[in-house]
Amino acid sequence: MSKAAALPILMYHHVSPNPGLVTVSPATFCEHMKALARAGWRTVGLDTAAAFFRGEALPAKTCIVTFDDAYLDNQVHAAPVLADFGFRAAIFAVTGWMGEGPVRDGDQETPDHRECKRRIASGDGDSVILRWSEAERLQAAGTFEFHSHTHTHIRWDKTLEDARQRESALASDLVASRSALESRLGVVSRHLCWPQGYHDDLYIATAQRLGFDHLYTTQPSINRPDSAVDRIGRFVTKEKSGAWLLRRTHLYASPWLGGLYCAMRSAG
Numbered sequence: 001m002s003k004a005a006a007l008p009i010l011m012y013h014h015v016s017p018n019p020g021l022v023t024v025s026p027a028t029f030c031e032h033m034k035a036l037a038r039a040g041w042r043t044v045g046l047d048t049a050a051a052f053f054r055g056e057a058l059p060a061k062t063c064i065v066t067f068d069d070a071y072l073d074n075q076v077h078a079a080p081v082l083a084d085f086g087f088r089a090a091i092f093a094v095t096g097w098m099g100e101g102p103v104r105d106g107d108q109e110t111p112d113h114r115e116c117k118r119r120i121a122s123g124d125g126d127s128v129i130l131r132w133s134e135a136e137r138l139q140a141a142g143t144f145e146f147h148s149h150t151h152t153h154i155r156w157d158k159t160l161e162d163a164r165q166r167e168s169a170l171a172s173d174l175v176a177s178r179s180a181l182e183s184r185l186g187v188v189s190r191h192l193c194w195p196q197g198y199h200d201d202l203y204i205a206t207a208q209r210l211g212f213d214h215l216y217t218t219q220p221s222i223n224r225p226d227s228a229v230d231r232i233g234r235f236v237t238k239e240k241s242g243a244w245l246l247r248r249t250h251l252y253a254s255p256w257l258g259g260l261y262c263a264m265r266s267a268g
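Numbering (UniProt numbering), first residue to last: 1 to 268.
So, in structure tokens, the structure goes:
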């Protein structure tokens with residue numbers, strides 16, 4: 001068996017026919033997953049990622065598909081495609097945005113990113129965010145697993161000037177997120193994705209103290225078996241072809257070529 005030298009982690013937010021920021025169309029998402037499947041790629045969950053970082057071997061052409069925020073369009077447009085190809089993905093959920101109610105079936109409205117943000121801010125997040133009942137069904141189907149994206153999605157570094165207050169607020173935020181995931185989905189997750197990708201030493205130390213030892217960023221990097229798990233990299237997907245997605249995935253699976261690419265990006 002050929003072993004993976006690095007683990008590419010793909011980052012999505014919205015899959016929606018309404019274009020905008022951090023969005024790919026349903027047709028493009030289908031093309032992305034089809035390209036991966038035809039090229040022999042397999043998807044795994046985040047516990048498998050943790051095993052990889054402990055040094056356990058993974059087959060070559062292994063990747064992880066992630067979604068941030070837990071938008072309703074992940075259920076409407078992404079879940080059926082993942083199921084068709086036998087793929088699974090991880091959702092980093094903002095647990096405080098998720099509400100109650102029955103599972104919604106059918107073709108629900110999936111607004112663009114700006115409208116989603118407006119509705120969440122106005123208290124109408126239920127119209128654009130997954131409900132707990134839906135998360136339960138998606139988890140039971142094996143299509144998605146759920147992990148923390150905090151409880152509030154608040155950037156405490158922008159909200160509180162005092163470091164002790166920031167630490168306390170962040171800790172409460174993370175404890176609430178973990179408690180919600182455990183009580184609603186039976187998940188005690190070690191995996192946390194930072195809102196907007198922001199993290200500093202205080203953030204990292206606080207998360208680790210509370211049991212989140214695998215911390216995901218919005219920055220691309222090459223995830224090798226010996227990479228630090230407090231800054232796990234992901235690469236942004238775009239409204240581009242399946243061939244483009246395959247090239248990117250292969251790039252981040254190659255420590256040498258991918259490392260050179262990341263170094264060139266960092267150099268500006």
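A virtual CB, placed ideally from N, CA and C, is assigned to each residue, including glycine.
Predicted model only: the values in this text are computed from it and were never measured.
Nearest to residue i (by Cα), restricted to the options the options
i	options	result
Arg190	Ile232, Ala135 and Asn223	Ile232
Asp47	Ile154, Cys63 and Gly40	Cys63
Leu192	Tyr71, Ala163 and Val175	Val175
Met98	Ala70, Asp105, Asn74 and Gln75	Ala70
Arg54	Gln219, Ser227 and Phe235	Ser227
Arg247	His32, Glu115 and Tyr12	His32
Assigned secondary structure, residue i (DSSP; H/G/I helix, E/B strand, else coil)
i	result
Asp68	strand
Ser28	The residue asked about is misnamed: residue 28 is Thr in this sequence, not Ser. Looking at Thr28 - three-state DSSP - the assignment turns out to be helix.
Val175	helix
Phe235	strand
Ala161	Looking at the sequence itself, residue 161 is Glu, so the reference to Ala does not match. Coil, per DSSP.
Lys3	strand
Leu245	helix
Glu56	coil
Arg224	coil
Arg42	strand
N-terminal and C-terminal residue of the alpha helix (DSSP H) that residue i is part of
i	result
Phe53	Leu46 to Phe53
Tyr203	Asp201 to Arg209
Ser266	Pro255 to Ala267
Endpoints, beta strand (DSSP E) assigned at residue i
i	result
Tyr216	His214 to Tyr216
Ile9	Ile9 to Tyr12
Ser148	Phe144 to Ser148
His153	Element bounds for His153: n/a, residue is neither H nor E.
Leu21	Here Leu21 belongs to no beta strand (DSSP E), and DSSP marks it neither H nor E.
Cβ-heavy atom distance, residue i to the ligand SAH, below 7 Å
i	result
Asp226	Ligands are entirely absent from the displayed structure, and the ligand SAH is therefore not among its contents.
Beta strand (DSSP E) segments (min. 3 residues) lying fully within the region 74–131: 89–93
Contact the region 83–92 vs the region 168–177: 3+ CB pairs below 8 Å: no
Any 3 or more C-beta pairs closer than 8 Å across the region 4–17 and the region 223–237: yes
Cβ contact check for the region 236–254 and the region 30–38: 3 or more pairs under 8 Å: yes
Three CB pairs or more closer than 8 Å across the region 144–152 and the region 116–127: no
Given 8 Å, three or more beta-carbon pairs between the region 254–264 and the region 22–31: no
Contact the region 100–115 vs the region 11–25: 3+ CB pairs below 8 Å: yes
Stretch-stretch touch, CB-based, cutoff 8 Å, three pairs: the region 122–131 with the region 155–163: no
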